[in-house]
Each structure stands twice: as structure tokens, then as C-alpha cells.
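In this note's numbering, each number is its position in the sequence shown, counted from 1, plus 12. The structure appears below as C-alpha cells.
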Amino acid sequence: MSYKCSRCKRDVELDEYGGVRCPFCGHRVLLKERAPTVKEVPVE
């Protein structure tokens, strides 16, 4: 799963046993990448 570090803005790939930490700067806040698709909401 792809995440982006909130401090250094690099793409981070996490494995199952690596923990939640950026391997480049050690920051623990990672942002999940959003899909580029737009969801449509039905109008009532």
C-alpha cells in the first residue's frame, strides 16, 4: 500500500512487519494516497 510522508513528502511502501514510520526521515505521520477517481452521489 502506498503512503506519503507528511514531513519529507516522499512515497513510502509499508510491509506487514515494518511498522508505521518513514524510512527516510523517521516521521510517524503517513498520509494514504487517494484514488484519482471521482465518486458520484445520486440526487434524490
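Ideal placement from N, C-alpha and C gives every residue a C-beta, glycine not left out.
Looking at the DSSP output, C17 bridges to L42. The Cβ atoms of R46 and C34 lie no closer than 8 Å to each other. Per DSSP, reduced to three states, the secondary structure at V24 is strand. Here the alpha carbons of L26 and K16 stand approximately 10 Å from one another. Taking C-beta separations shorter than 7 Å and ignoring five residues to either side along the sequence, the partners of D23 in its chain run S14, K16, following chain order.
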